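Enquirer: Sharing a structure, written as structure tokens. Questions coming.
Number of protein chains: 2
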Amino acid sequence: MSSRSVTIKDIAKILGISKSTVSRALSEHSDVNQETRKKILEVAQQLNYQPNALALNLKQQRTNTIGVIIPETVNRFFAKAIGGIQRVANLAGYNVMICQSDESYITEKNNLRSLIASHVDGVIISVSSETDRTDHFDLLLQKKIPVVFFDRIREDLHTSQVYTDNYEISFAGTEHLIQQGCQRIAIIAGPQNLHNSRNRLNGYMDALKKHDRPVKESYIVHSNFTGGNIEEYTRYLINLPQRPDAVFAINDYAAVEMMHVFKKNGLKIPDDIAVLGFNNENIGRFVEPPLSTIDLPSYDMGAVSAEILLAQIRDASAPIQRKLVKSQLIIRESTHRITTP
Amino acid sequence: MSSRSVTIKDIAKILGISKSTVSRALSEHSDVNQETRKKILEVAQQLNYQPNALALNLKQQRTNTIGVIIPETVNRFFAKAIGGIQRVANLAGYNVMICQSDESYITEKNNLRSLIASHVDGVIISVSSETDRTDHFDLLLQKKIPVVFFDRIREDLHTSQVYTDNYEISFAGTEHLIQQGCQRIAIIAGPQNLHNSRNRLNGYMDALKKHDRPVKESYIVHSNFTGGNIEEYTRYLINLPQRPDAVFAINDYAAVEMMHVFKKNGLKIPDDIAVLGFNNENIGRFVEPPLSTIDLPSYDMGAVSAEILLAQIRDASAPIQRKLVKSQLIIRESTHRITTP
DNA sequence: GTGAAAGCGCTAACAA
DNA sequence: TTGTTAGCGCTTTCAC
Chain A
1 MSSRSVTIKD IAKILGISKS TVSRALSEHS DVNQETRKKI LEVAQQLNYQ PNALALNLKQ
61 QRTNTIGVII PETVNRFFAK AIGGIQRVAN LAGYNVMICQ SDESYITEKN NLRSLIASHV
121 DGVIISVSSE TDRTDHFDLL LQKKIPVVFF DRIREDLHTS QVYTDNYEIS FAGTEHLIQQ
181 GCQRIAIIAG PQNLHNSRNR LNGYMDALKK HDRPVKESYI VHSNFTGGNI EEYTRYLINL
241 PQRPDAVFAI NDYAAVEMMH VFKKNGLKIP DDIAVLGFNN ENIGRFVEPP LSTIDLPSYD
301 MGAVSAEILL AQIRDASAPI QRKLVKSQLI IRESTHRITT P
Chain B
1 MSSRSVTIKD IAKILGISKS TVSRALSEHS DVNQETRKKI LEVAQQLNYQ PNALALNLKQ
61 QRTNTIGVII PETVNRFFAK AIGGIQRVAN LAGYNVMICQ SDESYITEKN NLRSLIASHV
121 DGVIISVSSE TDRTDHFDLL LQKKIPVVFF DRIREDLHTS QVYTDNYEIS FAGTEHLIQQ
181 GCQRIAIIAG PQNLHNSRNR LNGYMDALKK HDRPVKESYI VHSNFTGGNI EEYTRYLINL
241 PQRPDAVFAI NDYAAVEMMH VFKKNGLKIP DDIAVLGFNN ENIGRFVEPP LSTIDLPSYD
301 MGAVSAEILL AQIRDASAPI QRKLVKSQLI IRESTHRITT P
């Protein structure tokens, strides 16, 4: 009942042998006399010996822990990604330390500092929407801590990156709207310092160009992900002299809120205005009409990120990887016009 | 540019003093000559000295890390709770290690084992819906690791607990439905090994009794939180000889899905059937009609849990606490009948 | 006020 | 095959 836990020293004392022998027997990969090994294992079992991870950490200067920095856990996209990361990490015997940047550069920097101070073996990160510089990542590279960026990546850094095809899927979504006969397609675009947002906007614009639709500034609204002003933006769009007949929203919550406002203003969805979301939240299946959206492979992106990171942790010479995980267009009724051209 | 980080030994060598003096100067609370202290701090600053947390951990047998076990991060309730926990923990200089039990007893047990192996200083936990025993928590108590249960608590254990008034709020919600003139109120109840679910069911039943409504077995459906069978349950309720005219759902997702099915079957909400949700998800504001629900104080529960835990970590003799954080009934149109009795 | 030495629990190089 | 020793980076007695 002593609250002190048992150490190899205790086992050694009991058997009258040295602690190095005990250490060797316990760590499998050294030659120890079968007899003594057996005895050691028995005693270890009896005393319910558990190696002290803290001692190992100090000795080996690693922690079997990976750090994760994401903007926020309440965002379903990241919550799912965490699931994928943890799955892979836990199977490999790694713990996961999670930090939230709350979309703030300074918090992200502090998170990073504290993860480094905790000597995590590697870091997976999706940068905050506010972050427009990369100097705070230098410390990781300096300390040779493996790092994988996912989703919100930084192409300018020479590190592993896991991302999805924002440009292509945005292109495909816009093209889908065009094929439904939509002529004036508006977009709620994200923060332009984010690579993803730029790609999405480019995909949208290029699809319009391909089909000879003019790209109008007034149809492009710049927002952030928290969507505080969606109602205002929606009203703005409704009141345009040339009201759009389709809108590609920044995410499903914005899309649903917009639908709400459109309906209150007597607009029919999708015939007066088609609505396409982004993120495939549960909510989209239960609104009227059900929301078309883009399914982002967040769980898989998390899992893939963890796999790449672990490979780099285990072998410092493992190559930097850039991996694409594809998104998918999910067509429901909010963009499905009966009267296609 | 050496990748080895600087230690107190380095500083000592440079100044030609002993490392104990350096240690003392750096750890504030010992008397060191003003002159030498100043020099030490200067050099430390110059070399950008960072104490090695691993060495400290071993020495002091603690890690400045708290462990958190929750059923799943994709559940918005828990995602928000994590936010509250992290806020408080980070301000106090603690890191947070998060594990998901995926609603599985065995995973929960493994999570616990791995957190203990990592020597977390304390644990915050919300038990899985599958967990119907407490033996796996003994290890925590044995090792005298402070623990706080939140939301999904275990009243039978002598530990700190943070919970909300499930009974009272469920009573209030049911009473609200009665006051709207509902006569036959059904409930989608949760797993009965969960304390919360039992309390909610009891609140529901007692409210009915108080107002002389009979409690009918056929109006009580037992479900789990993932809600795979909601559509089936809904159809079952619709087809009852005495169709209910109100339903108190297990959570907002279930409520929204039920509304969807009700509407498809030509039922008007709330006049044919009123719907009350649970959890106050964003989704509830944007469905037709907007969903009445219960707002659970998840962020606050997380924050309060962390505060209690930290108090117990800092002072082992700090008292066990049981703290109630109140929920709130949010009335929207899905339960607001114009024709009250 | 400062230094020497021991120790947290473990591993690993070197000796025997 | 096993024991001795040193050391990971830090704190903390105990001398001086």
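The listed protein sequences correspond, in order, to chains A and B.
If you read the first sequence in this note's numbering, its first letter stands for residue 1, the second for the next number, and so on.
If you read the second sequence in this note's numbering, its first letter stands for residue 1, the second for the next number, and so on.
Backbone N, C-alpha and C fix where the C-beta goes; we use that ideal spot for every residue, glycine too.
No experiment lies behind these values; they were computed from the predicted model shown.
So the alpha helix (DSSP H) Phe365 of chain A belongs to, where does it begin and stop?
Expert: Only positions 1 to 341 of chain A appear in the structure, and residue 365 of chain A is not among them; the question remains open.
Enquirer: Could you pull the start and end residues of the alpha helix (DSSP H) that Tyr49 of chain B belongs to?
Expert: Residue 49 of chain B sits at position 49 when you count from the first residue of the second sequence. First-last for Tyr49 of chain B: undefined, no H or E at that position.
Enquirer: How would you write the range of the alpha helix (DSSP H) that Leu112 of chain A sits in, first residue to last?
Expert: For the purposes of this step, residue 112 of chain A is taken as residue 112 along the first sequence, with counting starting at 1. That run of the alpha helix (DSSP H) goes 105-117.
Enquirer: Take Asp132 of chain A as the anchor and find which of A:Leu140, A:Ile125, A:Ser104, A:Ser114 has the nearest alpha-carbon.
Expert: Taking the first sequence and counting its residues from 1, one reaches residue 132 of chain A at position 132. Comparing Cα positions, the closest option is A:Ser104.
Enquirer: Could you give the first and the last residue of the continuous alpha helix (DSSP H) run that contains Gly173 of chain B?
Expert: The residue you call residue 173 of chain B lines up with position 173 of the second sequence. Element bounds for Gly173 of chain B: 166-179.
Enquirer: Against chain B, with Cβ distances strictly below 8 Å, would Asn229 of chain A count as a contact?
Expert: By 1-based counting over the first sequence, the position of residue 229 of chain A is 229. It does not: the Cβ of Asn229 of chain A has no partner Cβ on chain B nearer than 8 Å.
Enquirer: Just grab the DSSP bridge partners of Ala36 of chain B for me.
Expert: For the purposes of this step, residue 36 of chain B is taken as the residue at position 36 of the second sequence. Going by the sequence as given, residue 36 of chain B is Thr instead of Ala. Per DSSP, none; premise fails for Thr36 of chain B.
Enquirer: If the criterion is Cβ atoms closer than 8 Å, does the pair Ala119 of chain A and Ala53 of chain B meet it?
Expert: As a position in the first sequence, residue 119 of chain A is number 119, starting the count at 1. As a position in the second sequence, residue 53 of chain B is number 53, starting the count at 1. Inspection of the sequence shows that residue 119 of chain A is occupied by His rather than by Ala. Their beta carbons are under 8 Å apart, which means His119 of chain A touches Ala53 of chain B by this criterion.
Enquirer: Interface residues of chain B around Ser128 of chain A at Cβ under 7 Å?
Expert: The sequence position of residue 128 of chain A within the first sequence is 128, counting from 1. By Cβ distance, chain B contributes nothing, its closest Cβ being about 15 Å from Ser128 of chain A, past 7 Å.
Enquirer: Can you check whether the CB of Ile85 of chain A is closer than 8 Å to the CB of Ala306 of chain A?
Expert: The count along the first sequence starts at 1 and reaches residue 306 of chain A at position 306. The count along the first sequence starts at 1 and reaches residue 85 of chain A at position 85. The answer is yes: Cβ separation under 8 Å.
Enquirer: Name the residue from A:Lys210, A:Leu208, A:Arg152, A:Leu237 whose alpha carbon lies nearest to the alpha carbon of Asn196 of chain A.
Expert: Within the first sequence, the letter at position 196 stands for residue 196 of chain A. Per the Cα distances, A:Arg152.
Enquirer: Which class does Ser305 of chain B belong to by DSSP, given the choice of helix, strand or coil?
Expert: For the purposes of this step, residue 305 of chain B is taken as residue 305 along the second sequence, with counting starting at 1. In this structure, Ser305 of chain B counts as helix in the three-state DSSP scheme.
Enquirer: Any idea what DSSP makes of Ala318 of chain B, helix, strand or coil?
Expert: Taking the first residue of the second sequence as position 1, residue 318 of chain B is located at position 318. Three-state DSSP puts Ala318 of chain B in coil, outside helix and strand.
Enquirer: For the beta strand (DSSP E) containing His222 of chain A, list its first residue and its last residue.
Expert: As a first step, residue 222 of chain A must be located in the first sequence, where it is residue number 222. 220-222 is the extent of the beta strand (DSSP E) around His222 of chain A.
Enquirer: Closer than 6 Å by C-beta to Ala311 of chain A: which residues in its own chain qualify, once you throw out the five before and the five after it? Chain order, please.
Expert: As a working mapping, residue 311 of chain A is identified with position 311 in the first sequence. Cβ within range, chain order: Ala318.
Enquirer: Go ahead and pull the three-state DSSP assignment for Met1 of chain A.
Expert: As a position in the first sequence, residue 1 of chain A is number 1, starting the count at 1. The predicted model places Met1 of chain A with a pLDDT of 35, which falls under 50 and marks its position as unreliable; any figure quoted below should be read in that light. If DSSP states are grouped into helix, strand and coil, Met1 of chain A belongs with coil.
Enquirer: Chain A partners of Lys80 of chain B, CB-CB under 9 Å?
Expert: The count along the second sequence starts at 1 and reaches residue 80 of chain B at position 80. Near Lys80 of chain B (Cβ distances below 9 Å), the residues of chain A are Thr73, Val74.
Enquirer: At the 8 Å Cβ level, is Glu257 of chain A part of the contact set with chain B, yes or no?
Expert: For the purposes of this step, residue 257 of chain A is taken as residue 257 along the first sequence, with counting starting at 1. By this cut-off, Glu257 of chain A is an interface position.
Enquirer: In terms of alpha-carbon separation, which member of B:Ile178, B:Asp31, B:Thr293 lies closest to Arg337 of chain B?
Expert: Looking up residue 337 of chain B in the second sequence gives position 337. Among B:Ile178, B:Asp31, B:Thr293, the Cα nearest to that of Arg337 of chain B is on B:Ile178.
Enquirer: Would you mind giving the Cβ-Cβ distance between Ala254 of chain B and Ile230 of chain B, rounded to the nearest angstrom? I have them listed as a contact below 8 Å.
Expert: By 1-based counting over the second sequence, the position of residue 254 of chain B is 254. By 1-based counting over the second sequence, the position of residue 230 of chain B is 230. Indeed, because the Cβ distance is near 5 Å, the residues count as touching under 8 Å.
Enquirer: Between Val68 of chain A and Ile98 of chain A, how many whole angstroms is the CB-CB distance? I'm expecting something under 8 Å.
Expert: Counting from one through the first sequence, the residue named residue 68 of chain A turns up at place 68. Counting from one through the first sequence, the residue named residue 98 of chain A turns up at place 98. Indeed they touch by this definition, with Cβ atoms about 5 Å apart.
Enquirer: For a test of the three-state rule: what should DSSP assign to Ala249 of chain A, helix, strand or coil?
Expert: Walking along the first sequence from the start, residue 249 of chain A turns up at place 249. Of the three classes helix, strand and coil, the one that applies to Ala249 of chain A here is coil, per DSSP.
Enquirer: Alpha carbon to alpha carbon, how far is Ala81 of chain B from Thr159 of chain A?
Expert: Residue mapping note: residue 81 of chain B aligns to position 81 of the second sequence, counting from 1. Residue mapping note: residue 159 of chain A aligns to position 159 of the first sequence, counting from 1. Their backbone Cα atoms lie some 32 Å apart in a straight line.
Enquirer: Determine the contact status of Tyr167 of chain A and Gly203 of chain A, defining contact as a CB-CB distance below 8 Å.
Expert: For the purposes of this step, residue 167 of chain A is taken as residue 167 along the first sequence, with counting starting at 1. For the purposes of this step, residue 203 of chain A is taken as residue 203 along the first sequence, with counting starting at 1. For Tyr167 of chain A and Gly203 of chain A, yes; Cβs fall inside 8 Å.
Enquirer: Can you pull the chain B neighbours of Gln61 of chain A, defined as C-beta to C-beta under 8 Å?
Expert: The residue labelled residue 61 of chain A in the question sits at position 61 within the first sequence. Those within 8 Å of Gln61 of chain A in chain B are Leu54.
Enquirer: Just verifying my parser: in three-state terms, what is the DSSP assignment at Gly122 of chain A?
Expert: The count along the first sequence starts at 1 and reaches residue 122 of chain A at position 122. Three-state result, Gly122 of chain A: strand.
Enquirer: How is Ile145 of chain B classed by DSSP in three states: helix, strand or coil?
Expert: Translated into the one-based positions of the second sequence, residue 145 of chain B becomes position 145. Here Ile145 of chain B sits in coil by DSSP.
Enquirer: List, in chain order, every chain B residue whose beta-carbon is nearer than 9 Å to that of Phe286 of chain A.
Expert: The residue you call residue 286 of chain A lines up with position 286 of the first sequence. Going along chain B in sequence order, the residues near Phe286 of chain A (Cβ under 9 Å) are Tyr253, Val256, Glu257, Met259, His260, Ile283, Val287.
Enquirer: Looking at chain A, which residues of the segment 17-47 of chain B have a Cβ within less than 7 Å of any of its Cβ atoms?
Expert: The segment 17-47 of chain B vs chain A, Cβ under 7 Å: nothing.
Enquirer: Would you mind stating whether His260 of chain A and Phe286 of chain B have Cβ atoms separated by less than 8 Å?
Expert: Indexing the first sequence from 1 puts residue 260 of chain A at position 260. Indexing the second sequence from 1 puts residue 286 of chain B at position 286. It is a contact, given that the beta carbons lie within the stated cut-off.
Enquirer: Return the CA-CA distance between Arg87 of chain B and Ile125 of chain B, expressed in angstroms with no decimal places.
Expert: Residue numbering aside, residue 87 of chain B sits at position 87 when the second sequence is read from its first letter. Residue numbering aside, residue 125 of chain B sits at position 125 when the second sequence is read from its first letter. Near 17 Å, if we compare the C-alpha coordinates of Ile125 of chain B and Arg87 of chain B.
Enquirer: Just the Cα atoms here: how many angstroms apart are Gly83 of chain A and Asp212 of chain B?
Expert: Translated into positions along the first sequence, residue 83 of chain A becomes position 83. Translated into positions along the second sequence, residue 212 of chain B becomes position 212. Their Cα atoms are separated by approximately 47 Å.
Enquirer: Report the residues of the segment 110-136 of chain A with a CB closer than 7 Å to any CB of chain B, ordered along the chain.
Expert: Flagged, chain order: Ser114, Ala117, Ser118, His119.
Enquirer: With 8 Å as the threshold, decide whether the Cβ of Met301 of chain A is near any Cβ in chain B.
Expert: To locate residue 301 of chain A, count along the first sequence from 1; it is residue 301. It does not: the Cβ of Met301 of chain A has no partner Cβ on chain B nearer than 8 Å.
Enquirer: Tell me the DSSP secondary structure of Gly67 of chain A in three-state form.
Expert: Numbered from 1 along the first sequence, position 67 holds the residue referred to as residue 67 of chain A. Reduced to three states, the DSSP call for Gly67 of chain A is strand.
Enquirer: Grab me the residues of Gln321 of chain A's own chain with a C-beta within less than 7 Å of its C-beta, minus the 5 sequence neighbours each way, in chain order.
Expert: Counted from its first residue, the first sequence places residue 321 of chain A at position 321. Ser160, Ile308, listed in sequence order.
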